[in-house]
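When we follow our numbering, the leftmost residue of the sequence shown carries the number 1, and every step to the right adds one.
Ideal Cβ positions, reconstructed from N, Cα and C, are used throughout, including at glycine.
Written out below as structure tokens is the structure these notes cover.
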Amino acid sequence: MKSVQEDDANAPLFDDSTKKAYSNFVVVEVQPGYRTELVRLFKLAFPVYFAYILEFLPGTVCSALVGHLDSPDTNLYIDAAFLSATVTNITALSIGFGLATAMDTLCSQAFGAGKIEKLGIYMQSGFLVMGLALIPVFILNYNCEALLLMINQDPQVAALAGDFTRVTMAGIPFLFVYELIKKLLQSQNVVIPMTFIALLGLGVNIIFGYYFTYHTSMGFLGAALGRVVGNMAMPMAIVPYFWYNQELTRKWWFGWQWEEAKNHARGFLLLGLPGMFMLLVEWWAFSILAFLAGLLPDGIEAASINTVLHSILTTNFMIFLGISVAANVRIGNCLGANQPCQARFIARLAWMSTACLGVITGILITFLRHELPKIFINNPRTIEHASFALLFMVPMQFFDGLNGISQGILRGLGRQHVGAVVNAIAYYMVGLPLAYVVGFMYEYDIEGVWAGMSTGSITATIIYVVMIRSTQWQTMADKARERVEK
């Protein structure tokens with residue numbers, strides 16, 4: 001089968017002339033040059049990067065709105081909003097976004113195989129699975145206050161966080177729908193519209209959040225309601241986009257097909273559940289890291305520094321996340337089109353690109369380490385300590401980027417279960433135990449905690465490299481064919 005050579009990232013991977021060859025499953029690949037594939041990869045990665053940055057900012061908007069309230073209880077509100085966001089991330093977003101990783105595999109491989117009609121069915125399967133997942137999500141979020149009291153949080157802060165969470169949970173279903181549709185479009189190499197929709201959602205969030213917080217009696221809860229309206233705006237904005245682009249939707253939307261969707265729900269769960277655990281174990285690990293920071297001798301300062309380090313790490317990771325999604329889509333497309341050699345080539349290219357970017361971002365963070373903490377804190381002593389601690393975060397951001405790319409490759413392969421196991425081993429058997437030993441027993445403070453966690457990240461990278469290098473790419477292409485033919 002002749003591989004696709006068009007420079008346009010939106011060009012179909014699977015035309016009529018290749019379908020006959022594909023049916024016989026004969027592979028004659030012509031590998032594109034580095035420049036051609038690199039252009040394709042970054043044409044996908046850059047819009048995805050900006051979309052994820054825009055999707056990340058509503059949390060910052062909430063914190064800013066709450067933090068500028070003219071009230072003697074402002075510090076309580078800030079703590080409550082932070083705890084609410086933590087509970088929502090762990091008990092809602094990690095579940096929904098993790099389950100949605102099934103779409104990364106199913107849709108990208110189906111599109112590559114020319115089975116575009118399957119995309120709508122997979123999306124409807126996602127609606128069913130994630131709709132059912134909303135039941136435990138709502139129960140957990142509704143009882144946010146009780147959960148926080150169980151881990152000995154301040155009762156007043158826990159009560160405020162519970163109120164805040166009960167408002168924000170109204171936006172979770174809309175966020176799940178948006179995530180499913182976004183992944184469906186990404187699999188077709190359609191990424192730019194989602195960037196503008198994310199920008200619209202952020203704008204709505206800012207406008208309504210500002211109004212509800214400062215110009216109504218809602219006050220503190222107005223920031224939460226503003227975020228709900230922003231979450232609602234994103235999937236609603238997709239409707240007119242689909243209406244004006246019916247040549248796109250008519251390829252995969254043939255009305256509601258609930259029977260077909262139910263039949264594919266098991267396959268969705270087989271990929272989505274490991275994807276959920278892959279995300280959960282990593283998010284929980286960083287939540288435990290924050291908890292450890294608060295237990296250090298100077299817990300208040302350590303917690304502030306940990307917030308600075310984690311915020312910079314998360315923002316920096318968005319760059320790698322864009323490449324990860326692009327690699328996921330391209331690898332899935334190529335496996336679906338029975339182009340295993342090209343899929344392997346893309347994986348290597350994504351790794352090399354990420355390693356180069358990781359070196360660049362590491363150098364930038366090192367040189368800007370005295371300025372970056374000032375964005376988040378204003379205490380001179382804490383800023384000085386944070387600037388030193390950032391040196392211990394630099395290796396973490398490099399290997400964390402490589403791990404993000406590796407997870408994207410695994411999603412393209414449909415091997416989310418590998419990522420779940422690797423993350424569990426790296427963070428819970430290596431990273432967190434070492435963080436405790438170095439930070440507490442050897443008294444290296446917050447620097448030791450992050451050094452230990454960085455060792456866990458390095459461990460994950462080593463295992464990922466070994467696992468992916470041993471991948472039988474033709475076998476993965478065969479499995480992709482079987483998957484989309486079901």
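Rounded straight-line distance, which links the Cα of residue j to that of residue i
i	j	result
Ile468	Ser406	8 Å
Val191	Ile121	20 Å
Met169	Ala420	26 Å
Asp400	Thr461	8 Å
Leu432	Gly452	7 Å
Ala350	Glu247	32 Å
Asn306	Ile446	7 Å
Phe174	Thr74	29 Å
His491	Pro72	Residue 491 cannot be examined here, being either before or after the span of the chain that is shown, 1 to 486.
Gln474	Thr366	42 Å
Val48	Val204	20 Å
Met123	Thr315	29 Å
Ile360	Leu402	14 Å
Met476	Ser108	13 Å
Phe46	Ile323	8 Å
Pro235	Lys486	29 Å
Phe97	Phe196	20 Å
Met232	Leu390	37 Å
Ser63	Phe82	8 Å
Pro240	Tyr444	55 Å
Pro373	Val449	18 Å
Arg415	Gly219	46 Å
Gln397	Glu259	45 Å
Option nearest residue i by Cα separation, candidates the options
i	options	result
Leu434	Thr314, Ile192, Leu289, Thr60	Leu289
Ile181	Met194, Met352, Asn423	Met194
Ala80	Ile197, Leu148, Ile425	Leu148
Arg250	Ile197, Ile139, Lys118	Lys118
Tyr442	Cys107, Met130, Leu296, Leu69	Leu296
Ile238	Tyr178, Leu93, Lys115	Tyr178
Ala480	Tyr436, Cys334, Arg369, Ile458	Cys334
Gly230	Val438, Leu410, Leu54	Leu54
Ala110	Leu368, Gly362, Asn338, Asn423	Asn338
Ile409	Asn328, Gly96, Gly322	Asn328
Thr382	Ile206, Ile425, Ser304, Ser287	Ser304
Leu321	Thr216, Gly404, Val228	Gly404
Phe56	Leu44, Arg411, Leu199, Ala426	Leu199
Ala424	Asn379, Cys341, Gln397, Met278	Met278
Ile300	Cys62, Pro58, Gln342, Ala386	Ala386
Ile90	His68, Val137, Leu132	Val137
Phe268	Val438, Gly67, Ala102, Gly456	Ala102
Phe212	Gly201, Ala224, Leu202	Ala224
Leu292	Tyr464, Ile463, Tyr436, Leu38	Tyr436
Leu132	Val39, Ile95, Met318, Val157	Ile95
Leu313	Val422, Tyr77, Pro395	Pro395
Counted within 10 angstroms of its Cβ, other Cβ atoms place residue i as buried (16 or more) or exposed
i	result
Cys356	exposed
Ser125	buried
Gly275	buried
Phe254	exposed
Asn189	buried
Ile36	Sequence check: residue 36 is Thr here, not Ile. Flag for Thr36 reads exposed.
Trp256	exposed
Ala51	buried
Ser516	Residue 516 lies beyond the range of the chain shown here (1 to 486); nothing can be said about it.
Asp298	exposed
Ala326	buried
Tyr427	buried
Asp70	exposed
Val484	buried
First and last residue of the uninterrupted alpha helix (DSSP H) at residue i
i	result
Ile323	299–336
Lys43	34–67
Asn403	380–413
Leu175	172–187
Ala161	155–168
Val418	416–424
Tyr444	Looking at the DSSP string, Tyr444 is not in any alpha helix (DSSP H), and its letter there is neither H nor E.
Val281	258–295
Asp79	74–88
Leu372	Leu372 -> no alpha helix (DSSP H), and no H or E assigned at all.
Asn141	118–142
Leu199	192–214
Phe242	220–243
Lys479	473–485
Asp104	101–112
Thr354	340–367
Leu93	Premise fails: Leu93 is in no alpha helix (DSSP H) and is neither H nor E.
Tyr436	432–436
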